[in-house]
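>
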Amino acid sequence: MKFNKLSQLFSDLESTTKRLEMIDFLSKFFEDLKEKEDYRDIDKIIYLLQGQLTPNIKQFPKMGLAEKMIIEAISLHSGINSKRIKEILIKQGDIGATAEFILSKKKKQKSLFDYNKVEEISGSSLEILELYSELKKIALTEGIGSHDTKLGILRGLISKCSPLETKYLLRIITSTLRVGVQSQTIIEGLTLAFTGKRDNKGVIERAYSLSPDLGEISRILVEKGLVEVKKVDIEYGTPILSMLASREIYTEFTNRLGVPFVAEYKLDGERLQIHKVGENITLFSRRLLDISFQYPDVCKVIRENVKANKVIFEGEVVAMDHFYEKMLPFQVLSKRRRKFDVEDISKEVPVCLFVFDLLKFGEESFVDKSLSFRRKKLEEIIDEKDELRLVKSVLINSTEELLSFFNTARKEGNEGIMAKSIQENS
DNA sequence: ACTGTCTGCCCC
DNA sequence: ATTCTGC
DNA sequence: GCAGAATGGGCAGACAGT
Numbered sequence: 000m001k002f003n004k005l006s007q008l009f010s011d012l013e014s015t016t017k018r019l020e021m022i023d024f025l026s027k028f029f030e031d032l033k034e035k036e037d038y039r040d041i042d043k044i045i046y047l048l049q050g051q052l053t054p055n056i057k058q059f060p061k062m063g064l065a066e067k068m069i070i071e072a073i074s075l076h077s078g079i080n081s082k083r084i085k086e087i088l089i090k091q092g093d094i095g096a097t098a099e100f101i102l103s104k105k106k107k108q109k110s111l112f113d114y115n116k117v118e119e120i121s122g123s124s125l126e127i128l129e130l131y132s133e134l135k136k137i138a139l140t141e142g143i144g145s146h147d148t149k150l151g152i153l154r155g156l157i158s159k160c161s162p163l164e165t166k167y168l169l170r171i172i173t174s175t176l177r178v179g180v181q182s183q184t185i186i187e188g189l190t191l192a193f194t195g196k197r198d199n200k201g202v203i204e205r206a207y208s209l210s211p212d213l214g215e216i217s218r219i220l221v222e223k224g225l226v227e228v229k230k231v232d233i234e235y236g237t238p239i240l241s242m243l244a245s246r247e248i249y250t251e252f253t254n255r256l257g258v259p260f261v262a263e264y265k266l267d268g269e270r271l272q273i274h275k276v277g278e279n280i281t282l283f284s285r286r287l288l289d290i291s292f293q294y295p296d297v298c299k300v301i302r303e304n305v306k307a308n309k310v311i312f313e314g315e316v317v318a319m320d321h322f323y324e325k326m327l328p329f330q331v332l333s334k335r336r337r338k339f340d341v342e343d344i345s346k347e348v349p350v351c352l353f354v355f356d357l358l359k360f361g362e363e364s365f366v367d368k369s370l371s372f373r374r375k376k377l378e379e380i381i382d383e384k385d386e387l388r389l390v391k392s393v394l395i396n397s398t399e400e401l402l403s404f405f406n407t408a409r410k411e412g413n414e415g416i417m418a419k420s421i422q423e424n425s
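Under numbering that gives the first Met the number 0, think of the first position of the first sequence as 0, with each following residue one higher.
1) Out of N3, N396, V231, which one is the CA nearest neighbour of S124?
2) Relative to the C-alpha of E278, which residue among K306, E263, Y264 is closest?
3) On the DSSP bridge list, what partners appear for A418?
4) Using 8 Å as the threshold, is the C-beta distance between L266 and V390 below it?
5) Take the Cβ of L32 as the centre, count every other Cβ of all protein chains shown within 10 Å, and call the residue buried at 16 or more, exposed below.
6) Suppose you measure from the CA of F9 to the CA of M0; what does that come to, to the nearest Å?
7) Can you look up A408 in the DSSP assignment and give me helix, strand or coil?
8) Based on Cα-Cα distance, which residue from A262, P60, G314 lies nearest to F404?
9) State the DSSP-derived secondary structure class of N199, mapped to helix, strand or coil.
10) Taking 7 Å as the limit between beta carbons, can you name the residues of its chain near L358, skipping five residues before and five after?
11) With H, G and I counted as helix, E and B as strand and the rest as coil, what does DSSP make of C351?
12) Quick check on T140: buried or exposed, where buried means 16 or more other Cβ atoms within 10 Å of its Cβ?
13) So, are the CB atoms of K85 and I70 less than 8 Å apart?
14) Is the beta carbon of P259 sitting closer than 8 Å to the one on N406?
15) Which same chain residues end up closer than 6 Å to R286 when comparing Cβ atoms and leaving out the 5 residues on each side of it in sequence?
16) What does the alpha-carbon distance come out to for the pair A436 and L169?
17) Quick check for students: name the residue ranges of the beta strand (DSSP E) that lie wholly in the segment 294-347, counting only runs of 3 or more.
18) Taking contact to mean at least 3 C-beta pairs separated by less than 8 Å, is the segment 18-28 in contact with the segment 157-174?
19) On the three-state DSSP scale, how would you describe S403?
20) Looking at C-alpha atoms only, which residue of N304, S132, F283 is the closest neighbour of Q58?
Have a look at this one:
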C-alpha cells in the first residue's frame with residue numbers, strides 16, 4: 000500500500016472528534032484492504048497508526064531524531080533559515096503542520112515553472128514498506144556521524160513525500176501523531192471491518208492485553224480469523240498489559256464492592272512484572288520495557304527465593320533504609336534509573352520487592368483465577384526475606400476496619416490502599 | 001577530555 | 001496523574 | 001457518569017564540537 004492512502008486516513012481521523020466517526024473511517028480503510036486481500040503491510044500499518052515502528056514489547060531503539068534536527072532538515076530542503084522556521088513553528092504549533100505549510104508553498108512556486116514534474120512527484124507516492132524500512136534505518140543508526148546519516152535518510156524521505164505525507168511522516172518521527180486514535184479505537188475499527196460485529200471487540204481486547212502487539216493480533220485476525228485470536232494467551236517473555244486501578248473515595252469502597260473485600264497497601268515505588276524461566280529472570284516496567292539490568296539484586300533474590308521453575312508474577316519495588324525497616328519515597332528509588340554503576344547504586348539504595356499478584360505458574364494461566372487462589376499460590380512459592388516480601392493484604396468487613404487499615408498504611412509511608420473485589424476476576 | 005545541545009524516558 | 005470531550 | 005485521548009516537566013545518556 001502507498002503512504003498517501005494512510006496519510007489520507009490520518010487526515011480524516013484528525014478532522015473529527017467524534018469517536019464513532021473515527022471508527023467508521025478506520026473500518027472503511029480496513030475494508031478496503033479486505034477487498035483487495037492485501038494484507039502484506041497490515042502489521043506495519045497498525046504500528047504506524049499507533050504512531051510507532053514496533054509494538055512496545057519489542058525492545059527497539061527510538062529514532063533519535065526530533066524537533067531540532069527536523070528543523071535543520073526542513074531548512075536544508077526549503078532554503079529557509081531555521082530561525083524563520085522556528086517562527087512558523089510557533090504559529091503552527093506543530094512540526095508536521097509547519098513542514099506541510101512550507102512545502103506546499105514551495106511546490107506551488109515550482110509548479111509555475113515546471114508543472115509536469117510536480118504532477119509526477121505527487122502521483123508517485125511512497126510505498127509504506129519503503130517508508131517503514133527507511134524509518135527503521137534511522138532508528139538503528141548510531142555512533143559517530145549518526146546525526147548526519149539520520150538527517151540524510153530523512154531528507155530522502157521528504158523528497159519523496161507530498162506536503163500532507165510529510166506532515167504525518169514528521170509527526171510519526173517525533174511521536175506526536177495525535178490524530179485522536181489509540182489502541183482501543185483501532186480495535187473497534189478492526190472488529191467492525193473484519194468480524195462485522197462490534198460485540199466481538201472484547202475478544203480482540205483480551206488478546207491484545209495478553210499479548211500487546213496489535214500488529215500481530217491484526218495479522219492473526221485477517222489471516223486466521225477470530226477463532227485464532229481467541230486462543231491468544233499469556234506467554235513467558237511477553238509482558239501483559241497491566242490493569243489500571245481507578246481512584247475512589249475510601250468510604251465508597253464498601254458500597255461499591257460489598258463486604259467483605261480485600262485491601263492492600265498501595266506502595267510508593269515502581270511496578271514490576273517478573274517473568275522467571277528457570278534461572279532466567281526478566282523484569283518489565285509498567286510500560287513493558289525490559290529493565291532487568293536496573294535491578295540485578297532483585298533478580299538475584301527472586302532466583303534464590305521463588306520456588307517455581309516457570310512463573311509470572313507482579314510486584315512493586317520500593318527503596319528501603321539500610322536496615323530494611325522503613326520504606327523510602329519514590330524519589331530515592333529513582334536514583335536507580337541509570338545504565339552505569341548499577342552495582343554501586345544497588346548497594347547505596349537497597350530495595351525490597353513487594354509481591355502482590357500471580358499471573359502464570361508453570362503452564363497454567365492464573366489471570367482468570369480468583370484473588371484468594373492467586374494469593375494462596377503466591378504464599379506457597381515465595382520464601383520471604385528482607386528484600387522479598389508479600390504485600391500486606393487484609394480482609395475488610397466494615398468502613399471502620401477500612402479506616403484503621405488506611406491510617407496504619409499511611410503511617411508506614413504508603414501512598415494509600417488498594418481495594419480488590421473478592422469476586423471472580425478483578 | 002570537557003562542555004553544550006538534543007533526545008528519550010519514566011515518573012506523575 | 002490530571003483534564004477534556006464525546007458517548 | 002464513563003471511557004478514551006492528550007498533556008507537561010525533569011533528569012540521564014548520546015553525540016558533536018572544541
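Note that CB positions come from ideal geometry on N, CA and C, so glycine has one too.
According to the structure data:
1) N3
2) K306
3) A262
4) yes
5) buried
6) 15 Å
7) helix
8) A262
9) helix
10) I233, I239, I311, F312, E313, F365, V366
11) strand
12) buried
13) yes
14) no
15) none
16) This structure cannot settle anything about residue 436, because the visible part of the chain is limited to 0 through 425.
17) 309-318
18) no
19) helix
20) F283
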